[in-house]
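In what follows, a single structure is set out as C-alpha cells and then discussed.
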Amino acid sequence: MSKSPPQPPPFVGSEFGDADFERLRDLLLARRSFDLGMYKDRCIKRRIAARVRAVGLGAAAPYLERLEHDEKEIDALLAALSIHVSQFFRNPSTFGVLEQEILPRLVVEARAGPSRQLRLWSVGCATGEEPYSLALLVDELAPQGVDIEILGSDVSPAVLELAAVGRYDAQRLQEVPEAVRERYFLPEGSAFRLDAGIRRRVRFVHHDILGQDQYPAARLILCRNVLIYFSRADQERILRGFARSLGAGGYLVLGRAETLLGETRQLFAPEYPAERIYRCRPHPDPADHFGACSD
Numbered sequence: 494m495s496k497s498p499p500q501p502p503p504f505v506g507s508e509f510g511d512a513d514f515e516r517l518r519d520l521l522l523a524r525r526s527f528d529l530g531m532y533k534d535r536c537i538k539r540r541i542a543a544r545v546r547a548v549g550l551g552a553a554a555p556y557l558e559r560l561e562h563d564e565k566e567i568d569a570l571l572a573a574l575s576i577h578v579s580q581f582f583r584n585p586s587t588f589g590v591l592e593q594e595i596l597p598r599l600v601v602e603a604r605a606g607p608s609r610q611l612r613l614w615s616v617g618c619a620t621g622e623e624p625y626s627l628a629l630l631v632d633e634l635a636p637q638g639v640d641i642e643i644l645g646s647d648v649s650p651a652v653l654e655l656a657a658v659g660r661y662d663a664q665r666l667q668e669v670p671e672a673v674r675e676r677y678f679l680p681e682g683s684a685f686r687l688d689a690g691i692r693r694r695v696r697f698v699h700h701d702i703l704g705q706d707q708y709p710a711a712r713l714i715l716c717r718n719v720l721i722y723f724s725r726a727d728q729e730r731i732l733r734g735f736a737r738s739l740g741a742g743g744y745l746v747l748g749r750a751e752t753l754l755g756e757t758r759q760l761f762a763p764e765y766p767a768e769r770i771y772r773c774r775p776h777p778d779p780a781d782h783f784g785a786c787s788d
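Quick note: to get the numbering used here, add 493 to the position in the sequence shown (first position is 1).
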C-alpha cells in the first residue's frame with residue numbers, strides 16, 4: 494500500500510518575511526488607514542500567520558494576493574489583529590481616578606440636567622472587560638436619580654458576542670478586589686461568569702470609529718490602546734470626532750502609550766496627565782465630517 498506524501502508543516506509567523514510584512518502594512522494603510530507600525534513584529538506576524546492558516550493557505554504570497562482582491566478578508570484580518578487581551582480594571586490607578594473623582598462629578602452634572610441621563614462609552618472594548626469594569630464602579634457608586642448607560646463598541650462582531658457572554662478566566666480578574674470578585678463573579682469550572690445584573694448595564698454595539706460618520710454622544714469616552722492602530726491623520730480625525738461627541742467638559746481617557754496630536758491639543762486640556770485623562774475644552778464644532786448623535 495502506497496503511503497500518502499508527507500504534509501508540509503503549518504505556516505508560522507517566522508516565515509512571514511520583512512518584504513511581505515511591508516507589503517501588507519502598505520496595503521492596510523492604503524485600504525483602511527490601519528497602521529501596523531506600532532506593533533511588535535513577532536507578535537503581529539503570529540496573528541497574521543494564524544489568519545493565513547484559517548483560510549487554508551500555506552504561504553504569505555498567495556495570502557497577500559487574496560487580500561488585494563478580497564475586501565471581506567481585509568476586514569477579517571483587521572478583526573484578528575485588533576483583538577487584544579485585556580483585564581478588568583487594567584491600570585488600576587486610572588480606574589481609581591474614575592471611581593473617586595470623575596464618575597461622582599458626572600453623576601452630579603447629570604442629576605442637575607434636564608434628562609438626568611449619562612452615557613459612558615468604551616471604544617474598542619474587545620471582550621468587554623473595560624465597559625464591565627465601568628459597570629462595576631457604577632454599581633458600587635449606586636447613584637440615585639440618574640439613568641446611566643454604558644456603551645461598549647468594537648469593530649469585530651465576534652468579540653462582541655464573547656463580551657455579551659461575560660465569562661472570563663482567572664487571569665483577566667487579577668486586578669479585581671477579592672470582595673468584588675466574590676460579590677459579582679460566579680465560578681464556572683476554571684472560569685468565572687459575571688453577574689447578570691452587571692452584564693445588563695452594558696450595551697454592546699458594532700461600531701467602526703473610522704468608517705462610520707457619526708459618534709454617539711457621551712460624557713466619558715475610554716479609548717485606550719486603539720489609536721495606535723491608525724495613521725496620524727486619522728488619529729486626529731478620530732479625536733476631533735470625540736470632541737464633538739463629548740462636548741465641553743466631557744472626559745477622554747487614552748492609553749498609556751498614546752497622546753494628543755497636532756491641533757487636537759487645542760480641543761482637550763490635561764486633567765490627570767499621568768493617567769492620560771483629558772477634559773474637553775469649550776470650542777466650536779470641529780470642522781470635520783464626524784458628528785455626534787444621541788443613539
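For every residue, glycine included, the Cβ atom is placed at its ideal position computed from N, Cα and C. Predicted model, so just to flag it, every value in this text is computed and none were measured.
- For secondary structure counted as the beta strand (DSSP E) over 3 or more consecutive residues, the region 671-734 holds these complete runs in sequence order: 678-681, 684-687, 695-699, 707-709 and 713-716.
- Buried is the label assigned to Gln728, since at least 16 other Cβ atoms lie within 10 Å of its Cβ.
- Looking at the DSSP output, Ile770 bridges to Val746 and Tyr765.
- In this structure, Glu751 and Leu720 form a Cβ contact; the two beta carbons are roughly 5 Å apart against a cut-off of 8 Å.
- Looking at the DSSP output, Tyr625 bridges to nothing.
- Within the same chain, Asn584 and Arg769 come within 7 Å of Arg749 by CB-CB distance, once the 5 residues on both sides are set aside.
- At the C-beta level, Gly617 and Cys773 stay beyond 8 Å of one another.
- Across the set Phe588, Tyr765 and Ala543, the C-alpha of Phe588 shows the shortest separation from the C-alpha of Pro670.
- Taking the Cβ atoms as the reference, Ala542 lies roughly 11 Å from Phe514, outside the contact range of under 8 Å.
- The beta-carbon separation of Tyr722 and Phe582, rounded to 23 Å, does not stay under the 8 Å limit for a contact.
- Residue range Asp511 to Arg525 is occupied by the alpha helix (DSSP H) that includes Asp513.
- Ala736 is classed as buried because its beta carbon has at least 16 other beta carbons within 10 Å across all chains shown.
- Spanning the alpha carbons of Gln667 and Ser579 requires a straight line of approximately 11 Å.
- Across the structure, Ser646 and Asn718 are spaced so that their CA atoms are roughly 14 Å apart.
- Between the alpha carbons of Ala523 and Glu508 lies a gap of roughly 24 Å.
- DSSP places Leu753 outside both helix and strand once states are collapsed to three, so it counts as coil.
- In this structure, the CA atom of Leu517 is about 16 Å from the CA atom of Gly551.
- Take Leu629, set aside five residues on each side of it, and the residues of its chain with a beta-carbon closer than 7 Å to its own are Val673, Tyr677 and Ile691, in chain order.
- Look at Ser608 here: in three-state DSSP terms it is coil, with no helix or strand label.
- By the Cβ rule, the region 605-620 counts as touching the region 633-652, because three or more pairs are nearer than 8 Å.
- Shown here, Val601 sits in a helix according to DSSP, grouped into three states.
- Counting C-beta atoms within 10 angstroms of its own C-beta, Val746 has 16 or more neighbours from the protein chains shown and is therefore classed as buried.
- The criterion of a C-beta distance shorter than 8 Å is not satisfied by Val695 and Gly740.
- Bridge partners of Tyr661 according to DSSP: Phe685.
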